[in-house]
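The next block holds one structure in the form of structure tokens; read it before the comments.
2 protein chains.
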Amino acid sequence: MSLAHAILAALLECSHSGYDLAKRFNGSVGFFWHASHQQIYRELSRLESAGHLSCELIEQDSRPNKKVYSITASGRSALGQWIGRPASPPPIKDELLIKVFAGHLISKTRLIEEIRRHYRQHRVNLEAYQAAVLSYGDDIGQLSRIQKCEYAALRAGVHYETSRLHWCEDAIQLLLADSG
Amino acid sequence: MSLAHAILAALLECSHSGYDLAKRFNGSVGFFWHASHQQIYRELSRLESAGHLSCELIEQDSRPNKKVYSITASGRSALGQWIGRPASPPPIKDELLIKVFAGHLISKTRLIEEIRRHYRQHRVNLEAYQAAVLSYGDDIGQLSRIQKCEYAALRAGVHYETSRLHWCEDAIQLLLADSG
DNA sequence: TAACCCATGTAACCTGTTACATGATTAA
DNA sequence: TTAATCATGTAACAGGTTACATGGGTTA
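Top line first, the protein sequences correspond to chains A and B. The first sequence runs 0 to 179 under numbering that gives the first Met the number 0. The second sequence runs 0 to 179 under numbering that gives the first Met the number 0.
Written out as structure tokens, the structure is:
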């Protein structure tokens, strides 16, 4: 159900086509939820038949036509109700940790190199979150309630990526100290 | 594919039944990967037909019989190869963050109460990770390579839960400061 | 006597991934 | 002229969830 609600949340600010959403799912809402374009198109049809979205066909020359979806009153209220229901924190599901856990099956060098790869990736992610956070300006106190909510959610990304970076450093140090 | 490898990793130390594994997926490997018993039974059959596991039927009085699975040489080598292949960090997928992102649709009080609920949950999780970490003793330098790998993986849980707790505090403060 | 533990599974369903398909326009 | 961008989708499959089913033994 979460994808449906992530889409509704993404359409709160303004209307989008499926193609736009697929791209936005690499930024904004995409910082918290990921989906492929196939999933998004499937879900958009469902949400439209459920009456949570309305759809307008935009005919274009020199470009394929597109369907622009907007959230309806019913969609807003469904989203509000869902937000009000308690969620449980997602369990950790992380390939790398299984690999480290059973990491003695490969050489120390290769294991550490893999962790370093992740380190670099997390540094890139962190920069993206930080750039997004900075776009809200210096004076957080002045933000509207809507903006404060968005900002608070974004901060989670900064926290997460930072903790990952620290863990990578820790793990590398720990494994390097081994004689084997 | 990850579930299969998580199971293989869990069976490295010693053999288990499906029932045992389902429970262990709440501890040890379960700190990094989650699966229901239905998934586990399905995957165990597959791994056995692939030759990565062998199975022994243990007949019991006063208890249902059980099937105890052990990793085979082929299973070990498949696991080793998988560990050697690069993985990409999992994208964040977190209901709570969507809810906070669109949190202006419900009252400030309710949103903050929900974040507090998560705070309490993460504190419980953190204690579990810390207890597991402590079981490795004080002198980390003395651990075997196998233990160091397990320990390093566990530390990720401590990092993660701690960063979550900090974020919850941040987010609550930020939202409380709002007049709305 | 009710609820939980042990222990295994099936079936239906929903979610997510991979591969395939089309076809014009635009930038390198 | 090659590749990328825009824009939508279908089909097959793999992964994950929920509900159901069984049945003896143990604990409250």
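Even glycine gets a Cβ: it sits at the ideal position worked out from N, Cα and C.
Residue j beta carbon less than 7 Å from that of residue i
| i | j | result |
| --- | --- | --- |
| Glu160(B) | Leu110(B) | no |
| Leu10(B) | Ile57(B) | no |
| Leu153(A) | Ala127(A) | no |
| His121(A) | Pro90(B) | no |
| His158(B) | Trp166(A) | yes |
| Ala5(B) | Ile171(A) | no |
| Glu42(B) | Ala3(B) | yes |
| Ile82(B) | Leu104(A) | yes |
| His73(B) | Ser162(A) | This sequence places Ser at residue 73(B); His is not what is there. Cβ distance not < 7 Å, so Ser73(B) and Ser162(A) don't count as in contact. |
| Ala77(A) | Ala8(B) | no |
| His117(A) | Leu133(A) | no |
| Phe31(B) | Asp93(A) | yes |
Residue interval of the beta strand (DSSP E) (run including residue i)
| i | result |
| --- | --- |
| Leu2(B) | Premise fails: Leu2(B) lies in the alpha helix (DSSP H), 1-12, not in any beta strand (DSSP E). |
Where residue i sits in the DSSP three-state scheme
| i | result |
| --- | --- |
| Leu175(A) | helix |
| Lys92(A) | coil |
| His121(B) | helix |
| Tyr68(B) | strand |
| Ala170(B) | helix |
| Leu104(A) | helix |
| Tyr135(A) | coil |
| Trp81(B) | helix |
| Arg116(A) | helix |
| Phe31(A) | coil |
| Gly74(B) | helix |
| Leu110(A) | helix |
| Arg163(B) | helix |
| Gly206(B) | Past the boundaries of the shown model lies residue 206(B); chain B is included only from 0 to 179, so the question cannot be answered. |
| Arg62(A) | coil |
| Leu153(A) | helix |
| Ala130(A) | helix |
Bounding residues of the alpha helix (DSSP H) (the contiguous stretch that carries residue i)
| i | result |
| --- | --- |
| Leu52(B) | Taken as a continuous stretch (DSSP letters only), Leu52(B) belongs to no alpha helix (DSSP H), being part of the beta strand (DSSP E) at 52-57. |
| Tyr18(B) | 17-23 |
| Tyr40(A) | 36-48 |
Selected residue, minimal CA-CA separation from residue i, among the options
| i | options | result |
| --- | --- | --- |
| Lys65(A) | Tyr40(A), Phe24(A), Phe31(A), Glu94(A) | Tyr40(A) |
| Ser106(A) | Gln146(A), Ala155(A), Ser73(A), Leu174(A) | Leu174(A) |
| Gln38(B) | Arg75(B), Arg119(B), Met0(B) | Met0(B) |
| Ala176(B) | Ala49(A), Leu78(A), Asp138(A) | Asp138(A) |
| Ser44(B) | Ser16(B), Phe31(B), Ser178(B) | Ser16(B) |
| Gly184(A) | Gln80(B), Val99(B), Arg62(B) | Since the first residue shown for chain A is 0 and the last is 179, residue 184(A) is missing from the structure and cannot be characterised. |
| Ala21(B) | Leu95(B), Val67(B), Gln59(B) | Val67(B) |
| Ser178(A) | Lys147(B), Gly156(B), Ser178(B) | Lys147(B) |
| Val123(A) | Glu47(A), Leu164(A), Ala49(A) | Leu164(A) |
| Pro63(B) | Tyr18(B), His36(B), Tyr135(B), Ser143(B) | Tyr18(B) |
| Ala155(A) | Gly29(A), Arg119(A), Gln141(A) | Gly29(A) |
| Glu12(B) | Ser48(B), Arg75(B), Gly140(B), Gly136(B) | Arg75(B) |
_Three Cβ pairs or more, each shorter than 8 Å: is that satisfied between the segment 134-151 of chain A and the segment 13-25 of chain A?_
no
*Taking one C-beta from the segment 103-118 of chain B and one from the segment 78-88 of chain A each time, how about it: are there three or more such pairs within less than 8 Å?*
These segments touch.
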